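Notes follow the structure.
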Amino acid sequence: MSHRRSAATALAVALAACAQHPPVEGPVALGETALVGGPRVRPDHVVEDSRCPVGTTCVWAGRVVVRATVSGGDWTKPVDLILGVPVPVADGLLTLTAVTPARRAGTSAKTTPSRFTFAFQGGL
């Protein structure tokens, strides 16, 4: 009997470790899902990170583009989000509002564990 209980416990622990991260409000890492007051947003990968590194002088501030999966109800769609640029989604506007940490010389959001913050302004 104790072997069955041990096996059941081991199975439960293994399955829990495989579970996806639950949606959260606030900054999320790649692969995590954010709740933004309407749709759910999961940043999948960084397409571009050309932000000016901290402590350097740049002609252009650069930008960050993140490919995300946005879902709500019974729909899901991939969206490229540019930092600070609202994108029409469902009945509102979805914006990538922050990428942290700030870029440092020799690094980017592609090579550094980053956190992404989103905002949704609903329509109706």
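Just so you know, our numbering puts 84 at position 88 of the sequence shown, and the rest follows in order with no gaps.
We put the beta carbon where it would ideally sit given N, CA and C, even for glycine.
It should be emphasised that the depicted structure is a prediction, and the values quoted were computed from it without experimental measurement.
Enclosing beta strand (DSSP E) for residue i [first to last residue]
i, result
"Ser67", "Val60 to Gly68"
"Leu92", "Gly88 to Thr96"
"Ala115", "Arg111 to Gly118"
"Trp56", "Note, Trp56: premise wrong, no beta strand (DSSP E); not H, not E."
"Thr29", "Careful: Thr29 lies outside any beta strand (DSSP E) and carries neither H nor E."
"Val43", "Arg36 to Asp45"
"Thr171", "The structure shown does not extend to residue 171, since the chain is modelled only from -3 through 120, so no value can be given for it."
"Pro84", "Val83 to Val85"
Environment of residue i [buried if 16+ CB atoms lie within 10 Å]
i, result
"Ser110", "buried"
"Val95", "buried"
Cβ separation of residue i and residue j, assumed to be a contact under 8 Å, to the nearest whole Å
i, j, result
"Ala64", "Val32", "Actually they are not in contact, since the Cβ atoms of Ala64 and Val32 sit about 11 Å apart, beyond 8 Å."
**Prompt:** When the Cβ atoms of the segment 79 to 93 are set against those of the segment 50 to 57, are three or more pairs found closer than 8 Å?
**Reply:** Taking a cut-off of 8 Å on C-beta distances, the segment 79 to 93 does not touch the segment 50 to 57, as fewer than three cross pairs fall below it.
**Asked** Using 8 Å as the Cβ pair cut-off and three pairs as the minimum, do the segment 63 to 83 and the segment 99 to 107 touch?
**Response** With contact defined as three or more Cβ pairs closer than 8 Å, the segment 63 to 83 and the segment 99 to 107 are not in contact.
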